[in-house]
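Enquirer:
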Amino acid sequence: MIMNPAFFVLLIAVFMCSVEPNKNIYIISQSRSNSQKRCEAPTPERFPGCTANIVRFTYNDETPACEEFKYDGCSHSPNNFETLEECQKECLKKEA
C-alpha cells in the first residue's frame, strides 16, 4: 500500500498541532524590518519525544550575544539560526 503524499503531510500537520497546540508557533519572516522581532523571540524549547541534537544558534538578549544551542528538530521559533554568522548578521547589527 502506497500512502498518498498529501495525506502524509496532513497527518504530520495534525500530529504537530496535537503535541502542544498554539505553543511555540511563530511565523518566520526573513524581511529586514522583522529581524529585531526574530532576535527577541524565545529560544526554541525542546518537545518531548524529539531527540535530534542539531547545532544551531540563538540570540540571547540578556548577554547580548549569539549562543549555540541544541535544536530538537521539532520546536519552532524564529530565533533559530543555522550559523553563528547568520545570527550575528541579523541580531548584532541593531547594536551598531
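Heads up: the sequence shown is residues -21 to -1, 1 to 75, going by mature numbering (1 follows the signal peptide of the UniProt record, and there is no 0).
Quick reminder that beta carbons are idealized off the backbone N, C-alpha and C, glycines included.
1) Between threonine 37 and phenylalanine 26, what straight-line distance do the alpha-carbon atoms span, to the nearest angstrom?
2) Given that a residue counts as buried once 16 or more other Cβ atoms are within 10 Å of its Cβ, and exposed if not, what is glutamate 69?
3) Using the rule of at least 16 other Cβ atoms within 10 Å of the residue's Cβ for burial, across every protein chain shown, is alanine 31 buried or exposed?
4) Just mark cysteine 29 as buried or exposed, buried being the case when its beta carbon has 16 or more other beta carbons within 10 Å.
5) Between Thr42, Asn59, Pro43, Ala44, which has its C-alpha nearest tyrosine 50's C-alpha?
6) Which of the three DSSP states, helix, strand or coil, is assigned to cysteine 45?
7) Does any CB atom of chain B fall closer than 9 Å to the CB of aspartate 40?
8) May I ask which residues mark the beginning and end of the beta strand (DSSP E) holding arginine 35?
Expert: The answer reads as follows:
1) 17 Å
2) buried
3) exposed
4) exposed
5) Asn59
6) strand
7) Absent here is chain B; the protein component of the structure consists of one chain.
8) 33 to 39
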